[in-house]
Amino acid sequence: MKTLLSALELTLGLALIQLFVTLFPYLFLRKKQLSIIRKLLFFTFRDYLFATIYLFVFTYLAKLSEWFEGDWTIAKAPLFIIAVLIMNGYFFLVHPFVLKYDKCRLTFSPEYSATLSENLQKKVSVYITNNDTINAFATGFLPQNRVIVMGRGLMEKLTQEEREAILYHEVGHHKHYDLIKFYFVVVLQCILLGCFRQPFFDLVHQFYLSFNEGNLIFWYGCLIGLFYVIIFSKISHSAEYQADQYGAQHTSNQAMGNALLKLSELTEHIVDEGSMTHPSIEKRLANIQFQVLPAPAS
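Encoded structure:
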């Protein structure tokens with residue numbers, strides 16, 4: 001029972017941190033903006049619940065096996081890294097398979113899937129959301145679980161060429177192994193959090209003996225969080241620029257640029273300034289050398 005409660009406590013703590021990080025950027029938005037954000041976001045409470053259950057099962061088994069017990073040594077490092085890889089694997093390894101059977105939210109697109117298979121000789125399953133999501137994303141990096149999800153609300157506002165630009169943008173993420181990069185940044189954060197915590201505590205105590213463990217955990221978490229935000233943002237922005245270029249190469253600069261402008265309009269320009277994961281629309285348009293065509297003479 002003690003092991004069960006310990007695993008549950010750790011799981012809930014990590015889940016709450018993840019939920020807070022996910023929701024914090026949206027806490028200060030107006031009601032109208034939140035309605036748009038809901039259309040941008042695909043993942044629901046159910047997705048995070050399944051991820052939490054997955055994490056709990058793994059954590060409980062790890063504690064039963066005493067994987068994390070005892071002093072940290074170099075000899076235990078491979079076991080720790082394997083554990084962290086599994087612990088962070090739900091959204092990268094498991095969830096893409098779940099999406100393939102999620103017929104309530106997604107409809108398989110044989111047309112787009114066949115287009116990618118014929119043009120790129122790559123097996124990527126393409127799905128269209130059944131709701132009015134105004135976004136698209138790629139997930140999964142194993143050959144058997146590469147998935148692209150296209151928001152119906154976005155697709156309905158685009159021309160055929162603009163739809164293909166968005167489709168190839170998402171293919172670009174698979175092409176450039178962006179999902180693997182994101183996965184390992186998350187894993188690296190956990191490795192740093194686990195392996196360097198005690199050396200950090202010892203170093204601080206050499207200069208500030210008054211710091212208690214609670215303060216040290218807080219500041220160490222902030223330091224690792226800052227590292228994660230900076231590294232992840234750099235990698236994510238670079239990935240978006242490359243994916244935009246890939247979409248433009250397989251359609252046209254005009255199609256890719258127009259698709260981005262329509263996304264801006266659909267979100268009432270919420271995405272214009274960019275975020276931790278995406279550059280601003282202005283920079284993305286400049287990256288593909290997009291030129292706004294003059295309005296036709298009346």
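In the numbering used here, the protein residues as written are 1 to 298.
No residue lacks a Cβ here, since even glycine has one placed at the ideal position from N, Cα and C.
If you check the beta carbons only, do D244 and H174 fall under 8 angstroms apart? no
**OP:** Hey, could you find the ends of the alpha helix (DSSP H) F56 is sitting in?
**Re:** F45 to L64
Cross-strand partners of V149 (DSSP beta bridge)
Y127 and F137
**Request:** Within 10 angstroms of the Cβ of S275, are there 16 or more other Cβ atoms? Answer buried if so, exposed if not.
**Result:** exposed
*Taking DSSP as the reference, what is the three-state secondary structure of S298?*
With a pLDDT of 48 at S298, under the threshold of 50, the modelled position of that residue is not reliable, and no figure is offered here.
Identify the continuous alpha helix (DSSP H) that holds T115 and give its terminal residues.
P110 to L120
Using 8 angstroms for Cβ pairs, my map puts I288 next to A259. What's the rounded Cβ distance? About 11 angstroms; that fails the 8 angstroms criterion.
- How big is the Cα-Cα spacing for I134 and L64? 44 angstroms
(message) Less than 8 angstroms between C-beta atoms, sequence neighbours within five positions excluded: which residues of the same chain meet that for V185?
(response) Y228, I231, F232 and I235
So, under 8 angstroms CB-CB, Y90 and Y127 are touching, yes? Tell me the CB distance rounded to an integer number of Å. Not quite, the Cβ-Cβ distance comes to about 19 angstroms (not below 8 angstroms), so this is no contact.
**Prompt:** Roughly how many angstroms lie between the CA atoms of R105 and L192, to the nearest whole one?
**Reply:** 36 angstroms
- Going by other Cβ atoms of all chains shown within 10 Å of its Cβ, with 16 needed for buried, is N119 buried or exposed? exposed
>> Below 8 angstroms on the Cβ atoms is my contact criterion, and I expect K123 with P110 to pass it. Report the Cβ-Cβ distance as a whole number of Å.
In response: That belief does not hold up - the Cβ atoms of K123 and P110 are roughly 13 angstroms apart, past 8 angstroms.
Exercise. Determine the direct distance from the alpha carbon of Q291 to that of F50, and round the result to whole angstroms.
Key: 44 angstroms
Check your understanding: Ordered along the chain, which non-local residues of its own chain (more than five positions away) have a Cβ less than 7 angstroms from that of N253?
Key -> I288, Q289 and F290
Item to check | Pair within 8 angstroms by beta-carbon distance, G153 and R146 | outcome: no
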